[in-house]
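The next block holds one structure in the form of structure tokens; read it before the comments.
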Amino acid sequence: MKHDLAGIASRFELGGAFIEAEPYGSGHINDTYSARVKTPAGEKRYILQRINTNVFREPEHLMENIGRVTNHLRAKLLAAGGDPDRETLTLLPADDGKNHAVIDENYWRAYRFIEGARTYDLVENLSHVYHAAHAFGTFQKHLSDLPGGRLHETIPHFHNTRKRFDAFQEALQRDVKNRAAACKAEIDFALQREADASVLVDLLAAGKTPERITHNDTKFNNVMIDDATGRGVCVIDLDTVMPGLPMYDFGDSVRTGAATAKEDETDLSKCGIGLDMFERLAHGYLDAAREFLLPVEIGHMAFSAKLITFTIGLRFLTDHLAGDTYFKIHRENHNLDRCRTQWAMVADMETKADQMEAIIAKYAQPQKPV
């Protein structure tokens, strides 16, 4: 679907004349464009993004969350002498003063483009791993005192593995595309690990671990890495920032940051996790977050890496069985390929569980930062 990007840009206070815009990034859900604008201070870039309301069904709530979170982070950074124009996302106001614009029933927003930094779909060096994990831990810490009550759940039960497993079983029973017979091995893999699905949600329900504000989509490519310093500059993609468990955030950073192959790699012999990368993730995350985490949270970090990988694999398999209605696909059986990479990683983590637990125990104590 083509959009009138010039007209959309005109709805936001970008401070100049629209030049052009082109698709940007590798996200699965929203439509994202990099827009060039001619301003009195020279050419500037902005991000224009259409919110996928098939996924985020209450976009007003989503934008309220993002506004609260980015304003709080901005205040924290200013107080600490940081640079809020680079270290958190900045929403540009629309022409009616809101932080979004509704155009032809589509919800759009505009962000200031963060120059001199980029995201990576695959890890290139271990320093990046440490600093991305540190950025996510810092993000959680800064939001631990967010005022104003509980954030909206933009996708209810997003990381509730028990409910994800129930959805998988429903899709399996319906089998609307008659795909189950062709992926019996992947289905059996999931069924054999059903007991894992309830571990964290049961801890939360029993009051043994607290609910916190979490990012809930801590892929490695959701941290911008500074071109000059290699440090994590800004956590992006805030659509799923909402109440959650920090263990899931750490786990998803392992799923992507410690992965030895791309998320849809078809050569499964390449798929697993690197313990050296896992160690850097644990080091970076705990250097930022250990002061506010409880022992029960730290004690479930290694397990959570396997659990969130299992959860995402379930989501890919469920979507494959349901006819690819959630994740964008670019080839036949794309979601099944994605599921298979997750299963390979889960199996690898099961063989490395003792080593992973030992690494977490080591970095639960203060270490020398990287």
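Each number in my numbering corresponds to the 1-based position in the sequence shown with 75 added. Glycine included, each C-beta is placed from N, C-alpha and C at the ideal position.
Three-state class that DSSP yields for residue i in the structure shown
i      : result
Ile230 : coil
Asn181 : strand
Ile435 : helix
Arg406 : coil
Ile189 : coil
Lys471 : One cannot answer for residue 471 here, as it falls past the ends of the chain, which runs 76 to 445.
Gly307 : strand
Pro222 : coil
Phe385 : helix
Phe240 : helix
Arg143 : helix
Ser85  : coil
Ile126 : coil
Phe378 : helix
Val112 : strand
Rounded C-alpha distance that separates residue i from residue j
i      : j      : result
Leu392 : Leu411 : 6 angstroms
Asp292 : Ser85  : 31 angstroms
Lys216 : His147 : 12 angstroms
Ala208 : Met376 : 13 angstroms
Arg332 : Gly102 : In the sequence on display, residue 332 carries Gly and not Arg. Spanning the two alpha carbons is a distance of roughly 16 angstroms.
Arg413 : Pro115 : 46 angstroms
Gly307 : Arg193 : 10 angstroms
Glu354 : Ile434 : 6 angstroms
Phe402 : Pro285 : 30 angstroms
Pro441 : Leu275 : 26 angstroms
Cys309 : Tyr360 : 15 angstroms
Pro428 : Leu89  : Per the sequence shown, the amino acid found at residue 428 is Ala instead of Pro. Computed Cα separation, rounded: 50 angstroms.
Glu372 : Asp312 : 24 angstroms
Expected contact under 8 angstroms - CB spacing of residue i and residue j to nearest Å
i      : j      : result
Leu320 : Leu368 : No, Leu320 and Leu368 are not in contact; Cβ-Cβ is about 11 angstroms, not under 8 angstroms.
Arg187 : Asn174 : Contact flag wrong, Cβ pair sits at about 12 angstroms.
At least three beta-carbon pairs within less than 8 angstroms, the stretch 386-400 to the stretch 410-428:
yes
Is the stretch 245-254 touching the stretch 219-231, taking contact as three or more C-beta pairs under 8 angstroms?
no
Counting only runs that start and end within the stretch 245-294, where is the beta strand (DSSP E) found for 3 or more residues in a row?
Within the stretch 245-294, the beta strand (DSSP E) runs of at least 3 residues that lie entirely inside it are, in chain order, 287-289.
On the three-pair Cβ rule with 8 angstroms, is the stretch 286-302 touching the stretch 185-203?
yes
Quick one: complete alpha helix (DSSP H) runs, 4+ long, within the stretch 318-352?
The qualifying runs are 321-332.
Would the stretch 155-162 and the stretch 133-142 be scored as touching if the rule is three or more Cβ pairs under 8 angstroms?
no
Count the CB pairs spanning the stretch 113-133 and the stretch 176-183 that are closer than 8 angstroms, and state whether there are at least three.
Yes, since at least three Cβ pairs between the stretch 113-133 and the stretch 176-183 fall closer than 8 angstroms, the two stretches touch.
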